[in-house]
Amino acid sequence: MKDRLPHEKGFHVSWDQIHRDGRALAWRLDGHGPDGGPWKAVVGITRGGLVPAMIVARELDIRIVDTISVKSYNHQAQTAPKVIKAPQASIMGDGSGILIVDDLVDTGKTLELVRALYPKAHFATVYAKPSGRPMVDTYITEVSQDTWIFFPWDMALQYVEPYRGKD
Ligand SMILES: O=P(O)(O)OC[C@H]1O[C@H](OP(=O)(O)OP(=O)(O)O)[C@H](O)[C@@H]1O
Ligand code: HPA
Ligand SMILES: [Mg+2]
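Residue 61 in UniProt numbering sits at position 61 of the sequence shown, with consecutive numbering throughout.
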């Protein structure tokens, strides 16, 4: 992650917030499956997409949940993204009726690759940055490109000095 910093701004997301925003995403997607019916399956893009994928699957009562793993970074260097674990082909087809979920879209490179594989799937993220927005069909909150989103699974509670105690 360090190679992708520093960003001008930080957007800190708590567990409570990702739960609320994940639910909002599910509610927005409800009834928008094929022919206005239910979605066939949810596919989470590992690893960040697994949390919202679970929340969406729970809210929409979708029991078929699979994963796709895209590796875009090799140690500190950004490399061409590639799929290192694909979802079950018999579930996916061309993606029709499948909801593919990630925590966020940033440059859009991850979704671009997955979209090429499943062009008929519906792509949903909780957060979106402007460069990646054309790659996503449904999202909840947009942040600026120079914002780094901090997720609760990457953070820990820690002591901070009182304001009056600084310097
Ligand atoms: O739009 P992009 O520029 O492709 O970036 C977005 C992707 O980057 C992050 O995943 P990451 O590759 O860091 O892996 P992780 O989910 O396992 O943390 C994030 O969870 C998205 O999947
Ligand atoms: O803003 C971000 N936050 C966390 N992971 C990310 N991966 C790409 N962009 C981000
Ligand atoms: Mg990810």
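Virtual Cβ for every residue (Gly too), placed ideally from N, Cα, C.
Please report the Cβ distance between residue i and residue j, rounded to the nearest whole angstrom; I am assuming they are in contact, meaning their Cβ atoms lie under 8 Å.
| i | j | result |
| --- | --- | --- |
| Gly95 | Tyr118 | 3 Å |
| Lys9 | Asp102 | Incorrect: roughly 21 Å between the Cβ atoms, too far for contact. |
Hey, could you find the ends of the alpha helix (DSSP H) residue i is sitting in?
| i | result |
| --- | --- |
| Val51 | Leu50 to Glu59 |
| Trp15 | Trp15 to Leu29 |
| Ala116 | Lys109 to Leu117 |
Could you say which of the options lies nearest to residue i if we only look at CA atoms?
| i | options | result |
| --- | --- | --- |
| Phe123 | Ile84, Pro34, Met92 and Ile98 | Ile98 |
| Thr67 | Pro81, Ala80, Ala89 and Asp61 | Ala89 |
| Trp27 | Ala53, Gln158 and Ala80 | Ala53 |
| Trp148 | Asp21, Tyr127, Ala86 and Ile91 | Tyr127 |
| Leu50 | Ile91, Lys120 and His19 | His19 |
| Ile84 | Leu157, Lys129, Asp30 and Val114 | Val114 |
| His12 | Tyr163, Thr125, Ile64 and Ala156 | Ala156 |
| Ile140 | Gln158, Ser14 and Arg23 | Arg23 |
| Pro34 | Lys82, Ala121 and Asp16 | Ala121 |
Would the beta-carbon of residue i fall within 8 Å of that of residue j?
| i | j | result |
| --- | --- | --- |
| Thr79 | Ser72 | yes |
| Val65 | Val105 | no |
| Pro130 | Ser14 | no |
| Thr125 | Leu29 | no |
So the beta strand (DSSP E) residue i belongs to, where does it begin and stop?
| i | result |
| --- | --- |
| Ile45 | Ala41 to Thr46 |
| residue 191 | Missing from the structure shown is residue 191; the chain here goes from 1 to 167 and no further. |
Are the segment 98–116 and the segment 41–58 touching, with three or more C-beta to C-beta distances below 8 Å?
yes
Check whether the segment 35–42 and the segment 53–64 touch, using three or more Cβ-Cβ pairs below 8 Å as the test.
yes
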